[in-house]
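Below you'll find the structure, written out as structure tokens, and then a few comments.
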Amino acid sequence: MAIIKTETDCGTVTGIRAANPQHSKFLGIPFAKPPVGALRFAPPQKPDKWSGELVCDHFAPSCMQRIREDETEYFMASEDCLYLNIYTPAESENESLPVMVWIYGGGFNGGHPNHPLLDGEAFNSRGAILVTFAYRCGPLGFFAHPELDARYGSSSNLGLLDQVAALEWVRDNISAFGGDPKRVLLFGQSAGGLSTRMHLTSPRSKGLFSRAILQSGGGLNEADPVRPKEEMEEICVSLLDYLDWSFEDLMEKEPMTLILELGRAMRESRPGQWAVFQPFVDGVTLTDVPGKLIAEGRYADIPIISGSVPGDAQMFIRPIAKQIIDNKDYLRAFSYSPGVAWARHQIKTGRKPIYSYYFDRTQPEPGSTKFAPLHRAPLPFGNECPHESDIAYVFGTLGVKESFGTKFEEYDHYLSDVMCDYWVSFAANGVPGVPLLPTWPAYTRETPLVMHFSDEGIIAEDLISNDQELRAIEYAELHPGLTETTDGLL
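First residue of the sequence shown? That's 1297 in this note's numbering, and the numbers climb one at a time after it.
If you want it as structure tokens, here you go:
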């Protein structure tokens, strides 16, 4: 039977049995003080110690965000959100199991560590521990203002610092749950994948994880602007001026009022501006645009998997999407560029090769709007595999969607098992190598191959199928950062 009671550096915690009674879960462990009141815009602080046993039998709230009416059954939001969840199969503290730390997506403006698709059972059954956690999003997590410099020494990406604090907690405490702090996989999807890539380049994250998987998280190219701190401060100050708010108003407003009013001010005063309350170059967590740092080889030299799905196509070409929206070859190539352009760049610079994947399994129509993938609108090259589609396969939670009427085939469950196996192997060994499954080679000059999870099967192959796709990939290689112009492409 798995551990139910253990000691952390802040006190004793007790968990509960998982659906498989051989495994256990600890829900709602604080990894930082509540970021409320005077700590609303402060960097995360270590949590207070407690006496007695802290019963960790239910999820804490998600970060402050708007929650749709059809989601209220599953989620609630609060400023008091800096908690994590641990799913473990370990029977004792000395098992040293691989640890998989997940960062959720949501455009840096929301997301849930307790999403039903993020259950840890599939990983636990393969001998790995899963950790999920919340971090501040939107203006509460990514705000810049001169007053923050005066109070805390810098306007920083609080959401990224929350993620660092969670990783530090894992480093210091995961052995109490049977985990190996030297074998920590950091992985995430969309904003979670982008965050993972940022931690690869961040001086604050050095040594906190030993492998990384980026699902729809970019490679050399950005999904959204990563602004200089000075530009971010100018935007935030102008929004307060528009609302006639002082900085103290930010400290005193109800959190939902703050989020909604800043959003309204943005729409009215800066029409057409997008992706504002997101990570910026703060000099603390980010020293430059991550795509540029990766292109220059300034990031952690650890095993990496980078992959994507067809529904990501416009994510990495947003500023130029209108110019190439009718070109199916360019769109397809940009959808798999996060893994391929980066991997090709590694060959040219002599850096350690990465592993790349592309998941384009055609998805069935969702049986419900609950937990259905986003962005199903078709693209010229086909988009039956929307953004987010790979999450349930990786976590082995297709059954959650099936409970709401989505009809998967036997092959989908096989594909999910295979992806779980690869992900856990990578967490354990830094190599996605599983006996009896197709060999997944690193992308090298000799093996320029991507693991392709498709309708036809699972095979490592060269995805570039024509000259236009090659041209798009080469363009992505030559333009690290935000792709803002088609000069040289069209």
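Beta carbons: idealized from backbone N, C-alpha and C, even for Gly.
Using the three-state DSSP reduction, which class does residue i fall into: helix, strand or coil?
| i | result |
| --- | --- |
| Y1370 | coil |
| T1658 | coil |
| V1572 | coil |
| I1598 | coil |
| I1299 | coil |
| P1669 | coil |
| K1321 | strand |
| V1580 | coil |
| N1453 | coil |
| L1350 | strand |
| W1719 | helix |
| P1385 | coil |
| W1398 | strand |
| F1429 | strand |
| G1777 | strand |
| I1616 | helix |
| S1750 | coil |
| T1304 | strand |
| E1757 | strand |
| I1312 | strand |
| S1604 | strand |
| P1634 | helix |
Report all residues from its chain with a CB closer than 7 Å to the CB of residue i; omit the five preceding and five following residues, and keep chain order.
| i | result |
| --- | --- |
| E1464 | L1504 |
| R1594 | T1497 |
| A1668 | P1662 |
| E1773 | L1516, A1637, R1640 and H1641 |
| D1468 | D1305 |
| N1561 | Checking the sequence, you will find Ala at residue 1561 rather than Asn. Hits under 7 Å: L1535, Y1538 and L1539. |
Please list, in chain order, all residues of the same chain as residue i whose beta carbon is under 8 Å from its beta carbon, the five residues on each side excluded.
| i | result |
| --- | --- |
| F1576 | F1438, A1440, N1453, V1522, R1523, P1524, K1525, E1527, M1528 and L1582 |
| E1389 | I1299, T1302, S1471, A1472, F1473 and G1474 |
| H1354 | L1323 and G1324 |
| N1762 | D1625 |
| L1786 | Q1619 and I1620 |
| D1366 | T1665 and K1666 |
Starting from the C-beta of residue i, find all residues in its chain whose C-beta is less than 6 Å away, skip the five residues before and the five after it, and write them out in chain order.
| i | result |
| --- | --- |
| E1301 | Note on identity: in this sequence residue 1301 is Lys, with Glu being the wrong assignment. Excluding residues within five positions, the ones whose Cβ falls inside 6 Å are T1310. |
| I1600 | A1508 and I1650 |
| G1587 | L1516, N1517, E1518, P1776 and G1777 |
| P1330 | D1376 |
| L1481 | M1396, R1507 and A1723 |
| E1391 | G1474 |
| P1412 | V1696 |
| L1426 | Y1383, M1396, G1416 and F1419 |
Consider the Cβ of residue i: report whether some Cβ of chain C lies at a distance smaller than 8 Å.
| i | result |
| --- | --- |
| P1326 | Given the protein chain composition of this structure (a single chain), no chain C is represented. |
Let's test the definition: count the other Cβ atoms within 10 Å of the Cβ of residue i and tell me whether it reaches 16, buried, or not, exposed.
| i | result |
| --- | --- |
| P1606 | buried |
| N1405 | buried |
| T1645 | exposed |
| S1631 | buried |
| R1741 | exposed |
| E1765 | buried |
| R1364 | exposed |
| Y1710 | exposed |
| I1531 | buried |
| P1442 | exposed |
| S1699 | exposed |
| Q1318 | exposed |
| L1732 | exposed |
| A1462 | buried |
| K1345 | exposed |
| W1398 | buried |
| P1499 | exposed |
| W1570 | exposed |
| E1684 | buried |
Going by C-alpha distance, which of the options is nearest residue i?
| i | options | result |
| --- | --- | --- |
| I1760 | L1393, I1425 and R1628 | R1628 |
| M1715 | S1471, T1702, R1432 and F1691 | F1691 |
| K1502 | K1478, S1512 and Q1485 | K1478 |
| G1484 | G1514, C1377, V1533 and V1746 | G1514 |
| G1434 | P1412, V1572 and F1704 | V1572 |
| L1335 | L1350, I1754 and E1375 | E1375 |
| Y1653 | K1666, P1744 and F1677 | P1744 |
| S1347 | S1320, E1387, S1604 and T1304 | T1304 |
| P1682 | M1562, S1604, L1490 and V1351 | S1604 |
| R1493 | P1339, S1602 and T1553 | S1602 |
| D1608 | W1570, F1655 and V1580 | F1655 |
| E1544 | G1488, G1333, S1633 and P1409 | G1333 |
| Y1538 | I1555, D1783 and S1565 | S1565 |
| S1633 | D1622, R1647, L1436 and Q1610 | Q1610 |
| I1687 | Q1459, S1712 and K1703 | S1712 |
| G1753 | D1708, K1648, E1349 and T1693 | D1708 |
*Considering only residues of the stretch 1470-1557, which uninterrupted alpha helix (DSSP H) runs meet the minimum length of 4 residues and lie entirely inside it, listed in chain order?*
1487-1497, 1525-1539 and 1543-1548
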